[in-house]
Every structure is written in C-alpha cells, then in structure tokens.
Amino acid sequence: MSVPERGPLSEPASEQSALWLGDTPDEEWTPPGKTPVGAGRTLMLEMAARVLFPTVLVFSAYLLLVGHYGPGGGFSGGLVAGLAFVLRYIAGGGSEGAEIVARLHIRPRQLAGGGLTLAVLTALAPMLFGQPALTSAKLSAQVPVIGELDLVTSLVLDVGVYLLIVGVVLELIRSLGAGIERDARDAEEPAR
Amino acid sequence: MNAVNLSMTVVLAVLYSVGFYLLLQRSLMRVLLGIVVLGHGTNLLLQLIGSPPGRVPILGIALPSEFTDPLPQALALTAIVITFALTTYLLALGYRSWVLVGHDEVQDDLEDRRIAQRERPEASMGEETTGEDDAEDDPGSAAASGDPVDPADVGGER
Amino acid sequence: MSSLVTLPVLLPILGSALTVLAGRSARVQRVIGVVVLTAVSAVAVALLAVADRSGPVVAEMGGWPAPVGIVLVADRLSALLLLISTLVTLAVLVYAIDQRIADYGREAASTTFHPVFLLLSAGVSLAYLTGDLFNLFVAFEIMLAASYVLITRRTNASRIRSGMTYVTVSLTSSLLFLTMIALIYGATGTVNMADLAGRIGELPTGLQTVLGLLTLVVFGIKAAIVPLHFWLPDSYPDAPAPVTALFAGLLTKVGIYALLRTQTLIFPDDRPSVVLLVLAGLTMIVGALGALAQDDLNRLLSFLLVSHIGFMLFGLAVFDAAAVAGTALYIVHHITVQATLFLVSGLITRRTGTVSIEAMGGLARMSPWLAVLFAVPALTLAGIPPTSGFVAKLALLQAGAGAGAAATLAAGVLIVASLLTVYAMARVWVRVFWGAVRPPLPDPDPTDELVVGTARTAKPMYVATGALVGVSIAIAVAAGPLSAITARAGHDLLDRGPYRTAVLDVEPLR
C-alpha cells in the first residue's frame, strides 16, 4: 500500500504497519453476495449479524433522536451504531485469507473529524446571534401525518457526537481489530 | 449529606482496594483492570453520594421532591466516557508493548537505575571525563534502538 | 464580551477537528494550527485587558446561570496564564512544524500530531478558564489524553516504558480527582467553585482538612510535587523535544494553577501553611540535587523543573497577597523559560547526536548562536539579576521573608535551591559548550525524533526558540506592569470577592 503524499522518512518502523498509516478502510464487512471463504466462519453468527445489523442501526437512530428528553443521545446512539459494525466485523471481518476489499467507503477519521466539526460549530453558532455558546433553540412544527414535532437545535450537536463516536469505533475496529489481525498474519507468513 | 448504607460502603471498599492492588502490579493488563475496577468504584461512589438508591429518575413521571439527583449521574456518565476512551488507549499501548518488547510489563527506568548504581556522582565541573563513562558508546542507542532491555543488567548498559 | 471566554476552548477543538478532515494536506494542517493559536492569543490579550479593567469575565454555557450551569471565568490570573501559555504553545508548534519538515519532508501530513496538539491546547485553556470543579476534571482529561498520545507517538521500547509510567500515574490521579469531586459534592451539594467557596466553611473542620489534603494529593501528582514527582523525570525525557517542551511548560503549571485556584478559593487560610512550606522546601531541594546527578540533559532539565515547582508552591504556602502574586509571576516566567530550555535541548541534541552531557563538548565554538540561545534561558532560570527569573524570585523572597519563622526558613531553602540551579546550569555550560570540540555522533536511528544527531536543523527552529527567548526577555523588560497585574491578581485571589460576585451575583464573604 503506497501513500504518495508522505515524505521518504515518513514511515518509520513503528508506523509501517497499516495500523497507523493511510486511513482507507480495508476490512471485509460480509458484503452481500460475497461470503468470505476460509476457516473461522460461524453460520449462526453471520445470519444473525445480517438480520440484526439494520435493526441495531435503526435503534441507534432512535436513541439519537429521543436523546434530548429521554435516555439516549449522540454518545449512546453512536456507541450502539458502532456495536452494529463491531458485530458485523466479528461475524465476517476476521476471515482469514479473504481478499481485502474496501466495501465501506467511509474513512473513519474523516467521519470522526466531520462529526467533531459539526458539534463545535453547533456550539459556536448561538454566539453569532448574541447568545451564550451552546444555547439551544426549540423549533415546533406541525407535520401532517406524525403530528406536532419538536426539534431542538442541540440535536445537531448530538448528530455531530454520533458521527464522532461511530468514526472512533470504526477506527478502533480498523486499527485494533483488523490491524492486529494483519500483524498476526504477517508474523505467520515467513514461517510458511 | 445523606447516609450511605453499609453494604454499599463495603462494596466501595472492595472495589477501591482491588483497584489499587491491581494498579501496583507489573503487567499493564492488570494495571488496566485495576483502573477499570477503580473507575467503577468511583462511579459507584458518585451515584451513592447523589441520593439514596431507589428514587425516581428525572423524567417528569413523579413529583420533583421524589426525583433522584441528576447531577451525579451526569458526572458519572462523563467519567464513564473518559474511562472508556482511556481504557482503549491502554489496550492499544499494551498491544504495542507486546509487539515491540514481547510482553506488557511496566519497566524500570534504566537511566535512573544507572545513576543510582553509580558509585561517585560525577557532578564535578571542569575536569575531563576519564573515559569511564564511554562517551563513544553512543548513549542514545539504548533508548532509541527499541531492543527489549532487561532491567537486571542495567549496570552494563550504555 | 462574555462570549469571548469560550473561544480559547472551542477554537482549538474546531481546529483539531478541521486538521483531522484535512488529514491529507500537511500545508492546510499547518495553517490551521498556526491561525487558531494566533487567534486564541489575540482573544487572551483582549480577555486580560477586560479582566484587568473591569473584573472577571464570565460566560454561562447554554445560558444556564451558575451554580446550576457550567461557567467559564476569566479573571486576571487565568487570562494572564492563558496568554502566556498560548504564546508558548504557538512557538512550540512552529518549532515542531519545522522539525517535522526537516525530518519527514514538506508533504508529511499526520492525522494524529496536529489534532492532538490543538486538543491539548484546548484542554489547557479550559483548565485555566473553568469555574467548575468537574469541568476542571474534564479539562485535565482532555489535556492528559492528548499528552498520552503525544508521548507515545512513534513508539519504541523506551517510549512505551515511559508512556506506561506516565499514563498509569496520571490515570490514578484522575480517579482520585473524581473521588474528591464525589466527596465534595456529597458534602456540599455543588461543584461550582465560587459556590463551594461559600459552602466549604460550613463543614466540620476535620472534613475540610480531609478534602483539602485530597486536593493537595490530586493536584500534587499533576504538578509533580515531591514526593509525588517520581513519574516526571522518568517519562518526560523520552518524548521528542517540542512535546517535552510543551509538557514541561504547561502541564505541571496547570497543576500548580489548579492548586492555587482551589487552595485560595475553596480552602483559604490566613497564615502560612507549614505542610505546604515543608513540601515546597523538599521539592526545591530534591529536584535540584536530583538534577546534579544527571548525565542526560533532558533528565537534568526535568529535575530542575521539579525543583522550580517547589518555588511556586512556596508562594502559595506563605499565603498572603504578595506571595501569591509572586507565584503567579513565577508561573508566567517559568512557563516560558522551561519550554525554551527544552527546545534548546532539542537543538543541542540535533547538533551533537546525543543527550549525554559527558559526550558533548565545544559546542560554543561549533555553533555560537546555540550557545546564546542556551545562555539566556539558563541565566533566566537561575535567576541572575536582569532576567525575569530574578524579578519573580525576588517577589517570592520578599513575600516570604516577613511571614514568620517557617516561611523564612523555606525562603533560605529557596536561595540554596537557586544556587544549586546555577551550579547545574554552569555544569551544563562547562561540559557542553566549553572544552574540546567533539564530532557529532552518528544518528543511531534516523526515524527517531529524540536523538536525531547530525540531522539538518531548519532555521525556523532556531527562530521559534529565539522568539521564546524574546518573550522571556520581554517579561523582564515589562516586569513593572506585569508585577502590577500579578499583584492585583494575588489580591483578587485572596479576597475572593470579585470572583464570587462575578460568577454568582452574591455579596462578598467575610
């Protein structure tokens, strides 16, 4: 894997492993139509992961939305969404020998950075209107089918936190999960 | 101030003592567990100190006088987030240690040991070194080479 | 006006997020870092001006008033420390940027260094500005989490070792901090510091003592007060020069600031505290003697750092307005000079290829500019008359001399420790800058930032270090107005009135 934008000395031994280098995702996420071949598969877990994955994501969105008045919020929502990805990774990501394909076109660090930017901007925004930082306003609207809808601007902050946490969990999967597996594989290679 | 019941006090004492005991271990994994246990102890303390157990959460489903104090919960939540982040960091650190050194034990500071074992402090100024300290031996190499160094043979290092 | 107070915290976090997004362009990252820190410096100047003219500036987060909501408060002390810290951070960033360019090339972007660096700056700002004990904990955690990453970047065996020590000790003190907050909240029902100032006095004396001592232990670990200093010389020398400079300049000082704030605001005293005086004396002496035994230049400087923490603690221990003002002045002086010395140590290491004093020699002939850059901060740290170190030390001594037998004794220890500092600095000078010229040692590991030997040193690294030397000279030149500000700050700290009325809208205590 080459990273062109780095200088000649930019890849010391400790950073040479993809663990720290480029941030392109390269793990297997049990993509539809392509099942990993190799040992270590658990049919039950794979099926369960496929069924649960969207459900858990929807639940995380629910937690994100109710967070202002009820239990939930950006952090817990983000963690639950992150857990969905962890489940998927455990079910299919660790399969040995599978061709590494980047299926999920998200760079975890960019996601985290974007989430943090959104959150800080939301915190700063009220100051443009002469209010103290982090002040939130409430918008009420009549939506035809649902009924009355209350939206607070701090929801945007929560969305930022949500994205940040999902990004961090994906980064953890990439560096500590897939990265360690790759290290282990690399360590085995010479022995063969 | 409200009273904390005895069983919870005992639980707190156990969590704190187990946590500190584990902190004193050599292996980073045990230190990590110690920090997790200690974190739990602290969070439990935060909860107990807020209001007695069994009160209603602040959700608008009871009278305000029956609410539990929400602030310690908010504090504990923040503390949990921070402990969570630092725990993953320590795991990564332990892994790097395992990759680089082959174990995850917290090492002694070699330079410190070397100075402690030196017979006469060479703090005198002006006089030239008598080659005893081997300046040619490249003092930076021990720190920079990344080799696993046994703390036992500190005297001969550098 | 009050919204300005949030900017020193939010701007670096925003910058941190943006540098992550700009993870592929080193140039954009550099621009963001420098622009953000310059902006924060400007804000800090404005805050200092306003706070000095019309009292503490308070910002209520989300419009919730204290003590329910979280407040950020900029009074004279915090605005002054914020200003000097940001200036030092900016200089260190410029140094680090140029070191990165020299070592890794102009295009080397990093998704860790810049974001984490700015996050650390945000944590430091929050620690100075927060008016809430729990928020202080959060500030420490932001700051420390960033420092963990900085100290273990580009890991090798020795950095892993120092990282483990550092992280374990810091985490332990953080958990003790949290325990302390829980106990204080349980006893008083508030974590707002201005509110606590009024409520702690209602508690039984024994409980007050316990809470005060717990605070001392928690912040004592962060500030590296003997006997809680052991982690510092073990861990700091293993990080690259800019990182060590930043840590030495800011992190321990934030610990001292927290101690200063909590002891004056929450646990006030009306006479010198013997416990603190003993600790201050021990810290001065143990640090200075430790420095004499060292051969590693960075370790020597780390021990001197510990020693001078004792100087700052001394002012707090004497506990009158003049002494506390002396401590504030000393913090301002020491942040600058200690960071400069570590940057110079980085330059020396690059020139000679070693950190061992015994292996260096004749550097004054090899690079006279380096000698000048070292001599000025070394004399400043030692407190030789025209420098800022002398001004600050004099303020401390004057305050200490008239405050009873114990304080006078500790002032004597302070003089001894100063002499030992002079001795340590003279020893470095004789070994490193005089003597026979020695050829630089070959670079043992080209990828390691700590011992780079013979590597090219970019000119801007000298310029950044020189700028910090300039700041410390400026402190000496502007000693008059500066000590007037710190005198007012010291008075504010002991009076507590302006701070409490600004935060809480209540009548002054006593």
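Protein sequences appear in the order of chains A, B and C. Quick note: the first sequence uses the UniProt record's numbering, first residue 1, plus one each step. Quick note: the second sequence uses the UniProt record's numbering, first residue 1, plus one each step. Quick note: the third sequence uses the UniProt record's numbering, first residue 1, plus one each step. The beta carbon of each residue, even a glycine, is placed where N, CA and C say it ideally should be. Model, not experiment: these values are computed from the prediction.
The beta-carbon of arginine 26 of chain B is placed no less than 7 Å from the nearest beta-carbon of chain C. Taken through DSSP and simplified to helix, strand or coil, glutamine 208 of chain C comes out as helix. Annotation for valine 40 of chain C: Pro8, Leu11 and Thr86 place their beta carbon closer than 6 Å to its own, counting only its chain and skipping 5 residues before and after. Shown here, threonine 112 of chain C sits in coil according to DSSP, grouped into three states, outside any helix or strand.
Counting only Cβ-Cβ distances below 7 Å, phenylalanine 75 of chain A has contacts in chain B at Val81, in chain order.
Taking 7 Å as the threshold, the shortest C-beta distance from glutamate 141 of chain C to chain A does not fall below it. Under DSSP, glutamate 148 of chain A shares a beta bridge with A/Gln142. Close partners of alanine 145 of chain C in chain B (Cβ separation under 8 Å): Ile82, Ala85, Leu86 and Tyr89. Between leucine 157 of chain A and the set A/Thr117, A/Thr42 and A/Asp186, the nearest pair of CA atoms involves A/Thr117.
Residues of chain B whose Cβ lies closer than 8 Å to the Cβ of leucine 172 of chain A are, in chain order, Thr88. Using a Cβ-Cβ cut-off of 7 Å, arginine 161 of chain C counts as an interface residue toward chain B, since at least one Cβ of chain B sits closer than that to its own. The beta-carbon of arginine 50 of chain A is placed no less than 7 Å from the nearest beta-carbon of chain C. Taking a cut-off of 8 Å for Cβ pairs, the stretch 216-228 of chain C and the stretch 95-105 of chain C do not touch, as fewer than three such pairs fall below it. Beta-carbon to beta-carbon, valine 106 of chain B and methionine 164 of chain C are separated by about 5 Å, close enough to satisfy the 8 Å threshold.
Ranked by Cα distance from alanine 424 of chain C, the first of C/Gly281, C/Gly383 and C/Ala328 is C/Gly383.
In this structure, alanine 79 of chain C lies near leucine 47 of chain C, with their beta-carbon atoms less than 7 Å apart. In the DSSP assignment, glutamate 66 of chain B falls outside any beta strand (DSSP E) and carries neither an H nor an E. Against chain C, the CB of glutamate 66 of chain B has no partner CB under 7 Å away; the residue lies outside that interface. Residues of the same chain with a CB within less than 8 Å of the CB of arginine 24 of chain C, apart from the 5 flanking positions on each side, are Ala109 in chain order. For glutamate 60 of chain C, there is no enclosing alpha helix (DSSP H); the enclosing beta strand (DSSP E) has its first and last residue at 57-60. Between glycine 114 of chain A and leucine 163 of chain A, the C-beta spacing is below 7 Å. In the structure shown, the three-state DSSP call for alanine 66 of chain C is coil. In summary, serine 54 of chain C is exposed, with fewer than 16 beta-carbon neighbours lying within 10 Å of its beta-carbon over all protein chains present.
Under the DSSP assignment, leucine 175 of chain C falls in the alpha helix (DSSP H) whose first and last residues are 157-188.
Taking a contact as a CB-CB distance under 8 Å, the pair serine 388 of chain C and serine 472 of chain C counts as one, their CB atoms being some 5 Å apart.
If one requires a minimum length of 4 residues, the alpha helix (DSSP H) runs lying completely within the stretch 217-255 of chain C are 231-235 and 241-246, in chain order. Taking CB atoms only, valine 101 of chain B has a neighbour in chain C less than 7 Å away.
According to the DSSP secondary-structure assignment, glutamate 105 of chain B is paired through a beta bridge with B/Ser27. Selection C/Val35, C/Asp295, C/Leu277 and C/Asp269 evaluated against isoleucine 115 of chain B yields C/Asp295 as nearest (Cα-Cα).
Using a Cβ-Cβ cut-off of 8 Å, arginine 96 of chain B is close to Thr152, Thr155 and Ile160 of chain C, given in chain order.
Along the stretch 1-18 of chain C, going in chain order, the ones with a CB nearer than 8 Å to a CB of chain A are Ser2, Ser3, Thr6, Leu10, Ile13, Leu14, Ser16, Ala17 and Leu18. Contact note: glutamine 294 of chain C reaches chain B through Ile115, using a C-beta cutoff of 7 Å and chain order.
Identification of residues in the stretch 49-64 of chain C having a C-beta nearer than 9 Å to some C-beta of chain A yields Ala59, Glu60, Met61, Gly62, Gly63 and Trp64, given in sequence order. Take isoleucine 13 of chain C, set aside five residues on each side of it, and the residues of its chain with a beta-carbon closer than 6 Å to its own are Ala122, in chain order. In the three-state reduction of the DSSP assignment, threonine 130 of chain C falls in the strand class.
The alpha-carbon of valine 166 of chain A is positioned some 22 Å away from that of leucine 45 of chain A.
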